[in-house]
Amino acid sequence: MESMDEAKKEHRRLVLRLRNRVKQKKRRDRYLNERERLLAQVTEMRSVLTELGHKQVVPTSLLPWKDVAGSLAQASVEARLSLQVLRDRCEAMYRLGRVMSAWVGSMSRRNNVPDVGRPFTSTPIVLLADAASRKLGLDWFTQHMYYNTDRMQQLCAFPSSGTVRDISVVDHENGVSDILGRIQIDCDLPLEATYAALHDKIWDELRGDTQAAMSEFLDADIIKSIDAKMVYRRTALTADESNYYVCREFATQDRIVFLFGNFSQDALQPENVRWRPRMFWYCLERLGAGHTRIKQILYNGPKVVHNQIVPWTSDADWISESFSDDPQFQQYERWVNKDWQPMLESDFAVLSSPRRRDPPSAP
């Protein structure tokens with residue numbers, strides 16, 4: 087029994103001795119790790135001290151209150167100036183917004199898209215004087231024409247196929263009439279090839295190169311900031327009548343639209359005593375992989391003299407040539423067709439040119 091008790095005691099002593107050794111090892115490991123960490127910090131601090139020793143130490147001192155107050159006063163002045171600049175800019179934008187809102191409101195859609203009984207030309211379209219308003223006005227007017235392209239095509243009632251070349255006079259039964267010319271040509275060329283063939287010819291028309299009267303190009307810097315290909319020009323017809331045409335091109339994947347229309351007045355140019363609204367659209371539309379439809383819309387509104395619409399019944403241009411006993415409106419229609427036909431035939435010849443392919447060369 088005594089031997090067994092001695093064995094148990096010996097076992098407990100061995101276990102206790104082993105446990106103490108493990109504790110001592112853990113304590114020693116912690117000590118060594120802490121020693122290595124402290125030595126690394128010492129090395130890092132020595133390196134920093136060595137680096138600082140090579141730098142010139144600039145003595146520091148607090149700024150005098152006078153300097154601090156001066157800096158704060160200058161910052162306050164700059165803040166007030168910035169605030170005034172922002173207020174002036176805000177006021178200018180507010181005034182511009184009100185002016186352009188009234189300008190656009192004067193040409194609301196019901197007055198600017200032709201409809202039976204209501205010509206869209208009775209409201210003058212004046213391009214304003216200041217640069218910001220001019221830029222917005224030129225951009226808005228051409229965008230407005232572009233987004234009404236489909237409505238104009240619907241008004242012209244183009245057929246679903248075939249060639250069209252005609253002129254119609256719309257009588258609004260109130261002494262006012264609109265003139266519409268339309269051309270439609272189906273071309274056996276892809277849209278891209280048709281565009282390449284007609285681009286320069288159409289732009290010759292937009293720039294006024296094909297007209298007898300010379301054109302003066304206006305506001306080049308403003309125009310280029312809107313669209314690099316855009317044109318704004320004045321064509322003087324007489325001493326008291328000028329066309330202020332703005333011309334632009336719009337393109338999507340399946341349709342390209344060239345257009346131009348005129349303002350009734352430019353606030354920076356000589357006053358127009360007389361004018362008539364004129365708008366033109368050239369549309370190239372993809373019909374398929376190798377086919378393109380070409381459309382042209384020519385619009386003339388009623389004459390306006392001293393801000394008063396001149397009824398067609400009082401238009402001296404055609405009355406002087408009226409000798410028939412036919413109804414007056416029929417005589418007027420014939421005169422319009424006779425007057426417009428040469429221009430329509432000329433445009434038709436230009437737009438038909440892509441269809442005239444050269445014969446294939448001999449092998």
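Take 87 as the starting number for the sequence shown in this note's numbering and just add one per residue. Cβ atoms here follow ideal geometry from the backbone N, Cα and C, with glycine treated the same way. None of these values were measured; they are calculated from a predicted model.
Just measuring C-alpha positions, the residue of 287, 322, 298, 297 sitting nearest residue 304 is 322. If you ignore the 5 residues before and after residue 329, its C-beta comes within less than 6 Å of the C-beta of 321, 348, all in its own chain and listed in chain order. Here the alpha carbon of residue 338 sits roughly 44 Å from the alpha carbon of residue 170. In this model, residue 302 and residue 427 are separated by some 27 Å (Cα to Cα).
The closest CA to that of residue 340, considering only 397, 155, 377, 319, is found on 377. Proximity of the segment 382-395 to the segment 360-369 meets the contact definition, three or more beta-carbon pairs being nearer than 8 Å.
Here residue 391 is near residue 359, since their CB atoms are less than 8 Å apart. Cβ contact annotation for residue 225 (same chain, cutoff 7 Å, sequence separation greater than five): 312, in chain order.
Fully enclosed beta strand (DSSP E) runs of no fewer than 3 residues occupy 327-337, 341-349, 364-374, 377-386 of the segment 322-386, in order along the chain. In the displayed model, residue 244 falls within coil according to three-state DSSP, outside both helix and strand.
A residue is called buried when at least 16 other Cβ atoms come within 10 angstroms of its Cβ; residue 263 meets this threshold and is buried. Taking C-beta atoms as the reference points, residue 271 and residue 438 count as a pair closer than 8 Å. Counting every other CB atom within 10 Å of its CB across the protein chains shown gives residue 267 a total of 16 or more, marking it as buried. With a contact defined as Cβ atoms closer than 8 Å, residue 211 and residue 227 qualify at about 7 Å. Secondary structure note for residue 302: its beta strand (DSSP E) is the uninterrupted segment 301-303. A check of alpha carbon separations from residue 260 across 435, 415, 103, 127 identifies 415 as the nearest.
Minimum Cα-Cα distance from residue 245 among the listed residues 431, 95, 379, 398 corresponds to 379.
When the Cα atoms are used, residue 283 and residue 369 turn out to be separated by approximately 14 Å. In this structure, the CA atom of residue 235 is about 19 Å from the CA atom of residue 255.
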